[in-house]
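Below is one structure, written out as structure tokens; the observations come after it.
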Amino acid sequence: RPPRGIMISTWRMSYQGLTEAGKLLVSGSTLPEAILHSVKSVEDNEKYVSVGYGGLPNREGEVELDAAYMDGNTLEVGAVMAVKQIKNPIEVAYDLSHKKRSSVLVGTGAEMYARQRGFAFKNMLTESSFQRYLKERTLDKDEEKRTAYEGHDTVCVIGRSGEHMACGVSTSGLYMKHPGRIGDSPLIGSGFYADSSAGAAAATGVGEDIMKGCLSFAITEKIREGVAVQEACEQCLLQHLRRLETLGYGNGGMSVIAMDKEGNTGAATTLSAFPFVISDGKECKIYIASGNQE
Ligand code: SD4
7 RPPRGIMIST WRMSYQGLTE AGKLLVSGST LPEAILHSVK SVEDNEKYVS
57 VGYGGLPNRE GEVELDAAYM DGNTLEVGAV MAVKQIKNPI EVAYDLSHKK
107 RSSVLVGTGA EMYARQRGFA FKNMLTESSF QRYLKERTLD KDEEKRTAYE
157 GHDTVCVIGR SGEHMACGVS TSGLYMKHPG RIGDSPLIGS GFYADSSAGA
207 AAATGVGEDI MKGCLSFAIT EKIREGVAVQ EACEQCLLQH LRRLETLGYG
257 NGGMSVIAMD KEGNTGAATT LSAFPFVISD GKECKIYIAS GNQE
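Quick look at the structure:
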């Protein structure tokens with residue numbers, strides 16, 4: 007039987023935040039507090055160029071951020087998309103999730119809301135991200151060929167405390183994306199889904215590919231049908247990959263994490279190695295999923 011507080015998250019960059027969040031859960035913090043803590047720790051870290059501060063910019067040189075939060079007990083969802091200069095987009099997404107209307111906001115409308123609610127603003131473009139942008143701009147690469155792994159990962163955190171499940175995601179999306187572009191990450195059912203009566207799932211990789219299969223919802227529903235969580239991840243990812251292949255899409259890379267309502271976890275990837283993190287309240291460890299494409 008899994009212990010009371012369990013969390014799973016994407017990529018090595020989530021390790022420190024998840025370690026701290028795991029301890030927070032054990033010492034009595036709420037599930038939203040733990041999830042927000044772990045996502046914010048990545049957003050605030052300048053070193054991670056795919057989320058929050060220091061994120062790589064769009065092709066106009068501006069950092070545009072996407073984040074979402076979903077509560078598995080109430081199915082409440084909040085999301086912000088393509089927002090600029092908001093220090094912690096996940097906090098705004100969480101705040102929005104309590105609203106019955108206008109809970110998913112884009113661009114200037116989202117920024118207006120964040121300002122009115124007193125959230126912190128900051129110039130999110132660091133000197134090193136700007137320098138990388140200046141170099142990249144001279145290369146004039148074909149946007150259609152960009153993959154998610156040219157420096158771009160999304161932090162996704164799924165947690166369970168008692169029987170309460172929830173998830174949060176945050177990203178700066180694809181490097182050199184068109185202004186206004188969003189991927190799967192802030193889209194319910196594609197980048198994330200949580201329902202405490204079944205389970206939760208979240209995705210990272212090329213958003214345009216992931217959203218075609220509503221992967222996070224597909225995995226959650228597979229778990230609801232009674233398929234074991236690891237199997238659900240593998241089956242849904244493989245089925246979607248095959249479908250994309252028949253349509254002639256190359257595999258730009260997709261990875262998923264999931265948890266069932268008992269707290270069992272799973273992960274799958276189309277990459278040769280996808281690091282993810284699990285904190286079970288006692289310890290926090292990095293695991294590597296490996297893509298089996300045959
Ligand atoms: C996006 N899914 O914006 C994100 C990027 C990502 O690993 O997760 N990359 O499409």
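First residue of the sequence shown? That's 7 in UniProt numbering, and the numbers climb one at a time after it.
Ideal Cβ positions, reconstructed from N, Cα and C, are used throughout, including at glycine.
Is residue i near ligand 1, going by C-beta to nearest heavy atom under 7 Å?
| i | result |
| --- | --- |
| L102 | no |
| T276 | no |
| T160 | yes |
| I216 | yes |
| V283 | no |
| L193 | no |
| residue 301 | Residue 301 lies beyond the residue range present for the chain, which begins at 7 and ends at 300; the question has no answer from this structure. |
| L180 | yes |
| G60 | no |
| G189 | yes |
| T252 | no |
| G174 | no |
| T177 | yes |
| G168 | no |
| G297 | no |
| residue 4 | Because residue 4 is not part of the residues shown, which for the chain are 7 to 300, the question remains open. |
| G113 | no |
| G287 | no |
| G197 | yes |
With burial defined as no fewer than 16 other Cβ atoms inside 10 Å of the residue's Cβ, what is the status of residue i: buried or exposed?
| i | result |
| --- | --- |
| I292 | exposed |
| H184 | exposed |
| M87 | buried |
| M130 | buried |
| D146 | exposed |
| A74 | buried |
| S108 | exposed |
| S134 | exposed |
| P281 | buried |
| T36 | exposed |
| F198 | buried |
| S20 | buried |
| S278 | exposed |
| R166 | buried |
| L24 | buried |
| I66 | A small fix is needed here, since residue 66 is Glu in this sequence, not Ile. Classification of E66: exposed, given that the 10 Å Cβ count is below 16. |
| G258 | buried |
Taking the Cβ atom as the reference point for each residue, do residue i and residue j lie within a distance shorter than 8 Å?
| i | j | result |
| --- | --- | --- |
| A209 | L221 | yes |
| G58 | S176 | yes |
| V32 | G11 | yes |
| S56 | T160 | yes |
| S15 | C162 | yes |
| I225 | A207 | yes |
| M260 | V212 | yes |
| Q262 | A274 | Reading the sequence as shown, one finds Val at residue 262 and not Gln. Yes; because the gap between Cβ atoms is below 8 Å, this pair is in contact. |
| D72 | S191 | yes |
| Q70 | V48 | The sequence shown places Glu at residue 70, not Gln. No, the pair does not count as a contact, with Cβ atoms beyond the cut-off. |
| H43 | L62 | no |
| D64 | M182 | The residue asked about is misnamed: residue 64 is Asn in this sequence, not Asp. Contact: yes. |
| I41 | G254 | no |
| V98 | F127 | no |
| G84 | S103 | yes |
| G60 | E68 | no |
| L250 | D215 | yes |
Open item on the list: Suppose only complete runs of 3+ residues qualify. What are the beta strand (DSSP E) ranges in the stretch 58–125, listed by chain order?
Closed with: Counting only runs of 3 or more residues that sit fully inside the stretch 58–125, the beta strand (DSSP E) segments are 71–77, 83–89, 110–112, in chain order.
Open item on the list: Taking contact to mean 3 or more Cβ pairs, one atom from each stretch, closer than 8 Å, check whether the stretch 259–274 and the stretch 228–238 are in contact.
Closed with: At 8 Å Cβ cutoff, the stretches touch.
Open item on the list: Please give the ranges of any beta strand (DSSP E) in the stretch 256–285, keeping only runs that are unbroken, at least 3 residues long and fully inside the region.
Closed with: Within the stretch 256–285, the complete beta strand (DSSP E) runs of at least 3 residues are 260–266, 271–275, 280–285.
Open item on the list: Measuring CB atoms only, is the stretch 110–124 touching the stretch 133–150, in the sense that at least three cross pairs come out at less than 8 Å?
Closed with: With the rule of 3 Cβ pairs closer than 8 Å, the stretch 110–124 does not count as touching the stretch 133–150.
Task: Length-filtered (3 minimum) beta strand (DSSP E) runs lying within the stretch 131–177 - done: List check, beta strand (DSSP E) in window: 161–167, 170–177.
Open item on the list: For the stretch 230–244 against the stretch 185–198, do three or more pairs of beta-carbon atoms, one drawn from each stretch, fall closer than 8 Å, so that the two count as touching?
Closed with: Segments in contact, no.
Open item on the list: Report the start-end ranges of each alpha helix (DSSP H) in the stretch 187–270 that is 4 residues or longer and not cut off at the edges.
Closed with: Here the runs fully enclosed are 213–216, 221–230, 235–252.
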